[in-house]
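For reference, the structure is listed below as structure tokens.
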Amino acid sequence: MNRDQMINAVNQNSKTYDFIIIGGGATGLGTAIEAVSRGYSTLLLEQADFTKATSSRSTKLVHGGVRYLAQGNISLVFEALKERGLLKNNAPHLVTKQAFIIPSYKWWIKPYYTLGLTIYDLMSLRLSIGRSKPFSKEKTLKSIPTLKLKNLRGGVVYYDGQFDDARLGINLCQTFVEKGGIALNYAKVINLIKENNKVKGVVFTDLETGKEMHIKAKGVINATGVFIDNIIKMDTPSTKKMICASQGVHLVIDKKFIPNQHAIMIPKTTDGRVLFAVPWHNKVIVGTTDVVKENSELEPKALEEEIDFILETAGRFLEKKPQRSDIKSVFAGLRPLAAPKEGKQKTKEISRGHKILISNSGLLTITGGKWTTYRKMGEDAINKMCKLLHFKQKRSTTQHLKIHGYKKQVNFKNPLYFYGSDLKKLQQLAENEHLDTYLSRSLHIIKAQVVWGVRFEMARTVEDILARRTRALFLDAKESVRIAPEVAKLMASELNKDAFWEQKQVNEFKEIAKNYILN
Ligand SMILES: Cc1cc2nc3c(=O)[nH]c(=O)nc-3n(C[C@H](O)[C@H](O)[C@H](O)COP(=O)(O)OP(=O)(O)OC[C@H]3O[C@@H](n4cnc5c(N)ncnc54)[C@H](O)[C@@H]3O)c2cc1C
Numbered sequence: 174m175n176r177d178q179m180i181n182a183v184n185q186n187s188k189t190y191d192f193i194i195i196g197g198g199a200t201g202l203g204t205a206i207e208a209v210s211r212g213y214s215t216l217l218l219e220q221a222d223f224t225k226a227t228s229s230r231s232t233k234l235v236h237g238g239v240r241y242l243a244q245g246n247i248s249l250v251f252e253a254l255k256e257r258g259l260l261k262n263n264a265p266h267l268v269t270k271q272a273f274i275i276p277s278y279k280w281w282i283k284p285y286y287t288l289g290l291t292i293y294d295l296m297s298l299r300l301s302i303g304r305s306k307p308f309s310k311e312k313t314l315k316s317i318p319t320l321k322l323k324n325l326r327g328g329v330v331y332y333d334g335q336f337d338d339a340r341l342g343i344n345l346c347q348t349f350v351e352k353g354g355i356a357l358n359y360a361k362v363i364n365l366i367k368e369n370n371k372v373k374g375v376v377f378t379d380l381e382t383g384k385e386m387h388i389k390a391k392g393v394i395n396a397t398g399v400f401i402d403n404i405i406k407m408d409t410p411s412t413k414k415m416i417c418a419s420q421g422v423h424l425v426i427d428k429k430f431i432p433n434q435h436a437i438m439i440p441k442t443t444d445g446r447v448l449f450a451v452p453w454h455n456k457v458i459v460g461t462t463d464v465v466k467e468n469s470e471l472e473p474k475a476l477e478e479e480i481d482f483i484l485e486t487a488g489r490f491l492e493k494k495p496q497r498s499d500i501k502s503v504f505a506g507l508r509p510l511a512a513p514k515e516g517k518q519k520t521k522e523i524s525r526g527h528k529i530l531i532s533n534s535g536l537l538t539i540t541g542g543k544w545t546t547y548r549k550m551g552e553d554a555i556n557k558m559c560k561l562l563h564f565k566q567k568r569s570t571t572q573h574l575k576i577h578g579y580k581k582q583v584n585f586k587n588p589l590y591f592y593g594s595d596l597k598k599l600q601q602l603a604e605n606e607h608l609d610t611y612l613s614r615s616l617h618i619i620k621a622q623v624v625w626g627v628r629f630e631m632a633r634t635v636e637d638i639l640a641r642r643t644r645a646l647f648l649d650a651k652e653s654v655r656i657a658p659e660v661a662k663l664m665a666s667e668l669n670k671d672a673f674w675e676q677k678q679v680n681e682f683k684e685i686a687k688n689y690i691l692n
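Residue numbers for the sequence shown follow my numbering, beginning at 174 and rising by one.
Spelled out as structure tokens, the structure:
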């Protein structure tokens, strides 16, 4: 995960890769691991930082999708439940079992959801992580003492997985590199190379130096989420729009609103969606929304009505309503939903399953799906590409591939648990180099994490450290701004940068953080 080494490797050899993957989100990373683990030489290019876009802005659930079951999308739920189980086995340091409670304020809620969720459990077959059951009023309140009391009849408990999306992204990238892949962040694809009307490589700009590079590959895969249309247009300018972006917003509030480990699931909000309130890194994430967005951008901004809607809906189920002043961070992500065929369908009705499209010139585009199914998406993409390129079919080996950081006995009470098998080495670094002091006591961030992020996780900017190597920006945006200057200083020393770089980094981070802070 050393960027200088990676860029030198790309610079120095003029080889033709088997695959170039464009996009370092969940889909690109899953596809890259799938390719490299089958022995194909693979280059992954990300225009910003790994998981900078949608893949760091999810609800952090590894789930089958209870909602899709209600919509009758059985095959999607089967697939996601299987992937949930595989991911929990392959990254036990990041994926935890999360209990959810559907509070019941009407007589029919308990029997209805107990039945539905039992079907959901049974669909996970051998990979089940816990049985749903009805809870009495007392048990429900013991699990979530902050629930609104009036008319509460009890609840239904069920289980799904929970994870840290950006941390999983980094660990996937490390897994990819350990298997021989080359990954670059801040490498933006600006054009495709074509020979005899076939896509045979890409032109990318190294955004750190401005240098343009022309790299060849037998196959090019477009895994750029809500940006896929830009790459498709480089291939076939006249192609119709494939993507319809829908924004989802989350609010992060204090743990006191849901003080225990159980999460809340509201199965039907006034706009017909589900709302989650889930404990995460000692805070609570509440969301989400579904608003169609015209433009795809790297830093989408939450709308006032989305914030109000989440506060209002959460407030209807809690004794003490969360207020604007309780919000520690607000973040928005764009769902790369496949554009509907007939113009009038609403985004929430469009299938959440993934889609693969191969152009006449051999560009493979993969979109849709969800974090939970990233591995299966990668498997499907590489299978299709191998067939197209007449590669000898090799079997996928990723179903049981341990992800970097894999560790079985994890102490989740340790705030640094998410480093998994790296934790010991991080602690050694902290001790040996006197980096064990806190940058943020409330967020449990120590100095060693910054140095570790630069040395071993390809962090290049203050934002990389505060948004994705640690989750400070998402957990408490004001606190992340407070510690930004010290982060910049530590990074400057590691990366051999000057005071001007340090100041620029802090300014740029403050600008981004404005989107996450409510005034
Ligand atoms: C609000 C919300 C909540 C969600 N919650 C969940 C959940 O709880 N569980 C779950 O399983 N799924 C969830 N999802 C879905 C999941 O997050 C997405 O399906 C997944 O992250 C999409 O990954 P991706 O790699 O396709 O896209 P992205 O993460 O957007 O990655 C695409 C990448 O391509 C890069 N790129 C674009 N153009 C170029 C270029 N020219 N050159 C190089 N790189 C480029 C971008 O910078 C970006 O990093 C949620 C989604 C949203 C929006």
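Quick reminder that beta carbons are idealized off the backbone N, C-alpha and C, glycines included.
query                                                                                                                   : result
Nearest-angstrom Cβ-Cβ length linking Ala153 and Leu648, presumed shorter than 8 Å                                      : Here the chain comprises residues numbered 174 to 692, so residue 153 is not present and cannot be evaluated.
Residues bridged to Ala436 [DSSP beta-bridge criterion]                                                                 : Phe273
Residues bridged to Pro307 (per DSSP)                                                                                   : Val329
Alpha-carbon spacing of Ile555 relative to Lys312, whole angstroms                                                      : 47 Å
heavy atom of ligand 1 below 6 Å from Gln335 C-beta                                                                     : no
Proximity test, Val771 beta-carbon vs ligand 1 heavy atom, cut-off 6 Å                                                  : Outside the displayed range of the chain (174 to 692) lies residue 771, so it cannot be described from this structure.
Sequence-distant residues of the same chain with beta carbon closer than 8 Å to Asn370, five excluded per side          : Asn533 and Ser534
Contact belief for Ile500 with Leu424 at Cβ below 8 Å, rounded distance in angstroms                                    : 5 Å
Contact under 7 Å by Cβ, Phe192 with Gly421                                                                             : no
Three or more C-beta pairs below 8 Å linking the region 344-360 and the region 212-224                                  : yes
Environment of Lys429 [buried if 16+ CB atoms lie within 10 Å]                                                          : exposed
Leu325 versus Leu314: straight-line alpha-carbon distance, rounded                                                      : 9 Å
Other residues of its chain near Gly354: CB distance less than 7 Å, five sequence neighbours each side excluded         : Ala205, Val209, Thr215 and Leu217
Under 7 Å between C-beta atoms of Ile529 and Lys557                                                                     : yes
DSSP-derived helix/strand/coil call for Ile405                                                                          : helix
Given 8 Å, three or more beta-carbon pairs between the region 384-391 and the region 613-623                            : no
Cα-Cα separation between Val679 and Arg633, rounded to whole angstroms                                                  : 13 Å
C-alpha distance - Glu746 paired with Val464, whole-angstrom precision                                                  : The structure shown does not extend to residue 746, since the chain is modelled only from 174 through 692, so no value can be given for it.
Extent of the continuous alpha helix (DSSP H) to which Phe682 belongs                                                   : Ala672 to Ala686
Cα-Cα separation, Gly541 to Pro410                                                                                      : 22 Å
Reduced DSSP secondary structure (H/G/I, E/B, other) of Thr287                                                          : helix
Assigned exposure category for Glu522 - 16 Cβ within 10 Å defines buried                                                : Residue placement at Glu522 is flagged as unreliable, the pLDDT there being 45, under the threshold of 50; the coordinate-derived value follows with that caveat. By the neighbour-count rule (16 or more Cβ atoms within 10 Å), Glu522 is not buried but exposed.
beta-carbon Glu219 near ligand 1 non-hydrogen atom, thresh 6 Å                                                          : yes
DSSP beta-bridge partners of Thr540                                                                                     : Lys528
Simplified DSSP assignment, three categories, for Arg141                                                                : No information on residue 141 is available, as it lies outside the stretch 174 to 692 that the chain covers here.
CB contact check: Lys441 to chain D, cutoff 7 Å                                                                         : Note that chain D does not occur in the displayed structure, where there is just one protein chain.
Cβ neighbour criterion (16 or more within 10 Å) applied to Lys373                                                       : buried
Rounded Cβ spacing between Leu202 and Tyr547 (contact assumed at less than 8 Å)                                         : 7 Å
Straight-line gap, Leu695 to Leu596 (C-alpha atoms, nearest Å)                                                          : Look at the range of the chain in this structure, 174 to 692, and you will see that residue 695 is not part of it.
Gly421 beta carbon near ligand 1 (any heavy atom closer than 6 Å)                                                       : yes
For Phe430, the residue or residues it bridges with in DSSP                                                             : DSSP, once it has assigned bridges, lists no residue as partnering Phe430.
Any non-hydrogen atom of ligand 1 closer than 6 Å to Phe400 Cβ                                                          : yes
Residues of its chain near Glu368, where Cβ-Cβ distance is below 6 Å and the 5 sequence neighbours each way are ignored : none
Under the three-state DSSP convention, the category Lys361 falls into                                                   : strand
Rounded C-alpha distance that separates Pro495 from Val503                                                              : 13 Å
Other residues of its chain near Leu196: CB distance less than 6 Å, five sequence neighbours each side excluded         : Sequence check: residue 196 is Gly here, not Leu. These residues qualify, in order along the chain: Ala396 and Thr397.
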